[in-house]
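Novice: If you read the sequences in order, they're chains A and B.
Anchor point for the first sequence: position 264 equals 264 in the working numbering, and the numbering is continuous, going up by one each time.
Every position in the second sequence, counted from 1, becomes a number in the working numbering once 1000 is added.
Even for Gly, the Cβ is constructed at its ideal location relative to N, Cα and C.
Next up is a structure, given as structure tokens.
Protein chains: 2
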Amino acid sequence: MDLWFTENHTKGLKFTIKVDRHLYSEKSYYQQIDIFDTTEFGRMLVLDGCVMITEKDEFMYHEMIVHVPMAVNPDIKRVLVIGGGDGGAVRELCRYPSIEHIDMVEIDEMVVNACRKYIPQTTCALDDPRLSIHYEDGLPFVRKTEDKYDLMIVDSTDPFGPGEGLFTREFYGNCYKALTDNGILVNQHESACYDEYAESMELTHKKLKRVFPVATVYTVQIPTYPSGIWYFGFASKGLHPLRDMQADRWNSLGFKTRYYNTDIHRASFALPNFAKELLKD
Amino acid sequence: MDLWFTENHTKGLKFTIKVDRHLYSEKSYYQQIDIFDTTEFGRMLVLDGCVMITEKDEFMYHEMIVHVPMAVNPDIKRVLVIGGGDGGAVRELCRYPSIEHIDMVEIDEMVVNACRKYIPQTTCALDDPRLSIHYEDGLPFVRKTEDKYDLMIVDSTDPFGPGEGLFTREFYGNCYKALTDNGILVNQHESACYDEYAESMELTHKKLKRVFPVATVYTVQIPTYPSGIWYFGFASKGLHPLRDMQADRWNSLGFKTRYYNTDIHRASFALPNFAKELLKD
């Protein structure tokens, strides 16, 4: 059988992946969930037709969303993950013995259950005793929280569908309140290359800048995402992602990583001119 | 009409671009040449079924293959471009008043003529009086040259078909001879993500390292190339791409660029661990 999965990256661009087996296909209250075995990327999670993670390249996304803030503040003790139902961000966080507690707020329990069954590569730390999983909407969860987290990771879908509220100024204001004085917010921030995503990126950045004294973006290569490069936002109450990075301390942890290193950390905040242009006031 | 062009990036991955018009399709002695108008990327040059350049993203490739070596040695006067029939590298080189002469050795005159007719965005400097175009094979051209060029840019197709000889150790040895004492060689170097390209990248790097005292690689985002990230090789007789970079001098030129800046220059030499692993001895 010759089976191919296609995601339309833009109106004029299709990204088509050879499928060996369609393992799972269910509609939850929130979204369509599919899991495939693919020839090029191994197991792959698809939500509402968009590739979320694949076994082959998820390390790029998850290492960069976690180790960048952790290298800036290795004293982070309390972490909130919004979304991240595949478990990849939690897996990377759980490598730090210094982290005391992680709350993961994922709206869709079915995503977590499907990933637990089919993608153990990312869910392997979801039974860590420091983790509490809350199956609820991240927005009210954050609204009722104050001065509690040293790090918030918004590992969401795109700004339409269930993830929409996680790209609003009200939400970012509540994130600010929920963070401690040294708090850092990292979020997936869309991308600069194609108009469809660049507009969201520009808007998201503007909203974050109005709320946080430090608000910048950094890049990561993700071959299965549109244009191959994705942006994360780094916002904080004061810590700067480069000036405050504790490279020696992070390196002394001795973690084996496949993407992240402290040179890539620095490099990921350098932007090409077309992206700078997009983000300037 | 619903017309789509597909390139197989790997055996399990297709990249499919909406075509508004198929403008040109001819077979030269060396290769199949096609030019399309596309919805997402504007005009697009395809050789033997592989996307070479598009109007939308060629600036990333051409700025990075030219301005990186030029910022390391702004005194470059004589340049050899091997391949580069689309004219994009020559266009960027011709912005430097300090460059005295450029030889461009392109094996396939039909590529140049087709690009002149359909892609003026990249061919616009091909009539610069400092440029001599030689329609011949780059290998013998370089073999007979000694101590002549401050910079060689190998802007070739992939290491199969007409570009194959440009990825051999013999060729790199001849490049070394053809370069002046401060000479720099920059070449397209395949990519690290998919096995099909990673093997070429590894081999190319090993060959360059045996010939040049300085041999390293740097990255550029190119959304139409496999995995969205491409690698260039930077090899020299002594100049180091970071320690010898003359950032202030390059910035004082006042060039308007859309991708390159001196921060991106530095950042582009930082590699993720999986790529470092591939390139280590």
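Below 7 Å CB to CB, which residues in the same chain sit around cysteine 1175 of chain B once its five sequence neighbours on both sides are set aside?
Specialist: Mapped onto the second sequence, residue 1175 of chain B falls at position 175. Within the same chain, Cβ atoms closer than 7 Å to the Cβ of cysteine 1175 of chain B are found at Val1142, Met1152 and Leu1185, the five residues on either side in sequence being excluded.
Novice: Using a Cβ-Cβ cutoff of less than 8 Å, which residues in the same chain neighbour glutamate 92 of chain A once the five nearest sequence positions on both sides are dropped?
Specialist: Locating residue 92 of chain A in the first sequence gives position 92, where the first residue counts as 1. Closer than 8 Å at the Cβ level, and outside the excluded window around glutamate 92 of chain A, lie His62, Glu63, Ile65, Val66 and His67.
Novice: Would DSSP call asparagine 174 of chain A helix, strand or coil?
Specialist: In the first sequence, counting from the first residue as 1, residue 174 of chain A sits at position 174. Here asparagine 174 of chain A sits in helix by DSSP.
Novice: So the beta strand (DSSP E) threonine 7 of chain A belongs to, where does it begin and stop?
Specialist: Walking along the first sequence from the start, residue 7 of chain A turns up at place 7. The residue you asked about is not threonine; residue 7 of chain A is glutamate in the sequence shown. Segment 3-10, the beta strand (DSSP E) holding glutamate 7 of chain A.
Novice: If you compare alpha carbons, which of B:Ile1229, B:Gln1031 and B:His1134 is closest to valine 1220 of chain B?
Specialist: Here residue 1220 of chain B corresponds to residue number 220 of the second sequence, with the count starting at 1. Restricting attention to B:Ile1229, B:Gln1031 and B:His1134, the CA atom closest to the CA of valine 1220 of chain B is found in B:Ile1229.
Novice: Using the beta-carbon of each residue, which ones in chain B are nearer than 8 Å to serine 227 of chain A?
Specialist: Indexing the first sequence from 1 puts residue 227 of chain A at position 227. Correct list: Gln1221, Pro1223 and Gly1228.
Novice: Is there at least one Cβ from chain A nearer than 8 Å to isoleucine 1053 of chain B's Cβ?
Specialist: For the purposes of this step, residue 1053 of chain B is identified with residue 53 of the second sequence, where counting begins at 1. Not one chain A Cβ lies under 8 Å of isoleucine 1053 of chain B.
Novice: Is DSSP giving phenylalanine 274 of chain A helix, strand or coil here?
Specialist: The residue you call residue 274 of chain A lines up with position 274 of the first sequence. Here phenylalanine 274 of chain A sits in helix by DSSP.
Novice: For a cutoff of 8 Å on Cβ pairs, would you count phenylalanine 282 of chain A as touching chain B?
Specialist: Chain A is shown only over 1 to 281; residue 282 of chain A falls outside these bounds and no answer can be derived.
Novice: Pull the bridge partners of asparagine 1187 of chain B from the DSSP assignment, please.
Specialist: Here residue 1187 of chain B refers to the residue found at position 187 of the second sequence. Asparagine 1187 of chain B pairs with B:Val1154 and B:Gly1233.
Novice: Excluding five sequence neighbours on each side, which residues of the same chain lie with their C-beta closer than 6 Å to the C-beta of lysine 177 of chain A?
Specialist: Residue mapping note: residue 177 of chain A aligns to position 177 of the first sequence, counting from 1. Contacts found: Glu146.
Novice: Just to confirm the assignment, what range does the beta strand (DSSP E) spanning arginine 43 of chain A have?
Specialist: For the purposes of this step, residue 43 of chain A is taken as the residue at position 43 of the first sequence. Per DSSP, arginine 43 of chain A belongs to the beta strand (DSSP E) from 42-47.
Novice: What ranges does the alpha helix (DSSP H) occupy inside the region 87-163 of chain A, keeping only unbroken runs of at least 4 residues that lie completely in it?
Specialist: 88-93, 109-118, 120-123 and 138-143
Novice: Rounding to the nearest angstrom, what Cα-Cα distance links methionine 1245 of chain B and methionine 1070 of chain B in this structure?
Specialist: As a working note, residue 1245 of chain B is residue 245 in the second sequence. As a working note, residue 1070 of chain B is residue 70 in the second sequence. Distance between the alpha carbons of methionine 1245 of chain B and methionine 1070 of chain B is about 9 Å.
Novice: When DSSP builds the beta bridges, which residues end up paired with glutamine 1221 of chain B?
Specialist: Residue numbering aside, residue 1221 of chain B sits at position 221 when the second sequence is read from its first letter. B:Ile1229, per the DSSP bridge assignment.
Novice: Using a beta-carbon distance below 8 Å, is phenylalanine 1005 of chain B in contact with chain A?
Specialist: The count along the second sequence starts at 1 and reaches residue 1005 of chain B at position 5. Not flagged as an interface residue toward chain A: phenylalanine 1005 of chain B, since no C-beta distance is shorter than 8 Å.
Novice: Should arginine 1043 of chain B be labelled buried (16 or more other beta-carbon atoms within 10 Å of its own) or exposed?
Specialist: Position 43 of the second sequence, counted from the first residue, corresponds to residue 1043 of chain B. Buried, since its Cβ has 16 or more Cβ neighbours within 10 Å.
Novice: For the pair the region 6-15 of chain A and the region 23-32 of chain A, tell me if three or more CB-CB distances fall below 8 Å.
Specialist: No, they do not touch.
Novice: Given a threshold of 16 other Cβ atoms within 10 Å of its Cβ, counted over all protein chains shown, does serine 1132 of chain B qualify as buried or as exposed?
Specialist: Counting from 1 along the second sequence, the entry for residue 1132 of chain B is found at position 132. With fewer than 16 other Cβ atoms within 10 Å, it is exposed.
Novice: Have a look at aspartate 2 of chain A and aspartate 75 of chain A and give me their C-alpha separation to the nearest angstrom.
Specialist: By one-based count along the first sequence, residue 2 of chain A stands at place 2. By one-based count along the first sequence, residue 75 of chain A stands at place 75. Taking C-alpha positions only, aspartate 2 of chain A is separated from aspartate 75 of chain A by approximately 50 Å.
Novice: Please state whether DSSP places lysine 206 of chain A in a helix, a strand or coil.
Specialist: Your numbering for residue 206 of chain A matches position 206 in the first sequence. Three-state result, lysine 206 of chain A: helix.
Novice: Since phenylalanine 255 of chain A meets chain B, which of its residues come closer than 8 Å, beta carbon to beta carbon?
Specialist: Residue mapping note: residue 255 of chain A aligns to position 255 of the first sequence, counting from 1. Going along chain B, no residue has its Cβ under 8 Å from phenylalanine 255 of chain A, so there is no contact; the nearest lies around 10 Å.
Novice: Name the residues in the region 1181-1194 of chain B whose C-beta lies less than 8 Å from a C-beta of chain A; which are they?
Specialist: Using a CB distance below 8 Å, the part of the region 1181-1194 of chain B facing chain A consists of Cys1193 and Tyr1194, ordered along the chain.
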